[in-house]
Structure formats: C-alpha cells, structure tokens
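Here is the structure we will look at, set down as structure tokens.
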Amino acid sequence: MWTFLSNHAHVLVCLRQDPDLRARDLADRVGITERAIRRILHDLEVDGYIEIEKRGRRNHYQVCVGAPMRHPVEAGVDVGSVLDVIVGQNDQENTTAIAG
Numbered sequence: 207m208w209t210f211l212s213n214h215a216h217v218l219v220c221l222r223q224d225p226d227l228r229a230r231d232l233a234d235r236v237g238i239t240e241r242a243i244r245r246i247l248h249d250l251e252v253d254g255y256i257e258i259e260k261r262g263r264r265n266h267y268q269v270c271v272g273a274p275m276r277h278p279v280e281a282g283v284d285v286g287s288v289l290d291v292i293v294g295q296n297d298q299e300n301t302t303a304i305a306g
C-alpha cells in the first residue's frame, strides 16, 4: 500500500504531536522497525529538521518548523506549514470525536 507521505514525514507528524515519544513508540505508530526510526531521526537531525535534547535517559525532539521543504516543487514552503495542516486536522477530528 502506498501513502502520500514518506516515513520521514510520518515521523515529523508524530514528533509534532508528541515530542517525547520513544523510538519504539515511533516505530509502532509509523509501522516500521526501530532501526529504521533511528536512521530517520539521524537524517532529520543532520539535515536540520529536528533538534534532539537528552532529558535523563529519554530524548526530547524539537521539530524545526522553519526548515524548508526539500523538493523544488515545494519551494518557499516550510515544514511547519505542512505539519500545521496535518496535525491541526487530526486535532479537529479528535475534538469532534470527543464532543460527539
């Protein structure tokens, strides 16, 4: 099955929703291995899309919302704008489900 978003994008969405997720929990949510998650986290950190802060034995992830989208088709659009649409939509659905 194909999806519109890459695994890298799925990880960013998850971290925007919960910046304290463990790699194991990210892997479960995205549906890939923990090893693949660690590779993606490394990619995102090296390319400036997340910052990782050690908090005791856990990591806290800060999504760099001003980072530009990588593909020329999305030139001039930052990651935060895209994530706001996706995460905001999920928040509205959750609110509707709770209220309904």
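With the sequence shown counted from 1, adding 206 to any position gets you this note's numbering. Even glycine gets a Cβ: it sits at the ideal position worked out from N, Cα and C.
Report task. Go through the segment 220 to 293 residue by residue and report every complete run of the beta strand (DSSP E) that reaches 3 residues or more, in order. Result -> 256 to 261, 264 to 269
Query - Given G254 as reference, the closest of H214, R230, W208, F210 once Cα atoms are compared - result: In terms of CA proximity to G254, H214 leads the group H214, R230, W208, F210.
**Report entry** Span separating the alpha-carbon of I243 from that of A229
**Finding:** 6 Å
Report task. Could you tell me which of H277, Q268, S287, P278 sits nearest to L227, measuring between CA atoms? Result -> Here the closest residue by C-alpha is Q268.
Query - Proximity below 8 Å, CB of I256 to CB of L221 - result: Yes, Cβ-Cβ distance for I256 and L221 is below 8 Å.
Query raised in the report: When DSSP labels each residue in this structure, what does L211 get in the three-state scheme?
Result: coil
Query raised in the report: Should A305 go down as buried or exposed, given a rule of 16 or more other Cβ atoms within 10 Å for buried?
Result: Because the pLDDT of A305 is 42, which lies under 50, any placement of that residue in the model is unreliable, and the question is left without a value.
Requested in this report: Out of L289, G237, R264, I238, point me to the one whose CA is closest to V271's CA.
Outcome: Comparing Cα positions, the closest option is L289.
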